[in-house]
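Quick notes on the structure that follows.
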Amino acid sequence: MMLDDFDRTLLELLQKDCQTPLRELAETVHLSTASVQRRIQKLKNGGFIQASVAVLDPDRLGQVITLLVEVQAVKTHAADLALLKAQFSGPEIQQCYYVTGEADFMLVLLVPSMSRFQELCDTLFHNNPNVKWFKTTVVLDRVKTTLEVI
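Going by the working numbering, the first residue of the sequence shown is number 705, and it counts up by one from there.
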């Protein structure tokens, strides 16, 4: 599916607020409401829109500590990596990236306390035979966090 300027504008608007009424979207892109609705459905079917979500404030929900964790694996065979990817998909792990460089994974964690992080360290890293080492960085301030792509 090729995207035109209307599609790109709709994607840009929807990623800022996916609850924008169809009427308002249609007025902004100068198309009919029905046309906008069809285009959004095509974008969903084409995999351009993966989900419509609410972005939550971690501080207000008690997830006050953000940590970046680099992890190096002992074994990097496909089955070993698949197991680590599954283990690094828990609810406290907001993001997990399989990366190049010295580390094999980069994780972004949200936790309510350092004691909870210590528990996670034991579960995910210390007691994991496929974790060679991990390095943690504590975030002092979330300067910019976004889900926007375009």
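Glycine is no exception: its CB is placed at the ideal position from the N, C-alpha and C atoms.
As DSSP reads the structure, Ala777 sits in a beta bridge with Val835.
Check the Cα spacing between Val842 and each of Arg727, Val803, Thr780, Val773: the tightest is with Val773.
Between Gln719 and Val853, the C-beta gap is smaller than 9 Å, which places the two residues in contact. C-alpha of Asn832 to C-alpha of Ile769: approximately 23 Å in a straight line. By the beta-carbon neighbour count (other beta carbons within 10 angstroms, threshold 16), Arg743 is buried. The C-alpha of His734 is placed about 48 Å away from the C-alpha of Leu787. Of the residues assessed, Leu729 falls on the buried side of the cut-off, its CB having 16 or more other CB atoms within 10 angstroms.
In this structure, Phe821 keeps its C-beta atom at 9 Å or more from the C-beta atom of Leu811. In the structure shown, the three-state DSSP call for Cys825 is helix. Less than 9 Å divides the Cβ of Gln776 from the Cβ of Val835.
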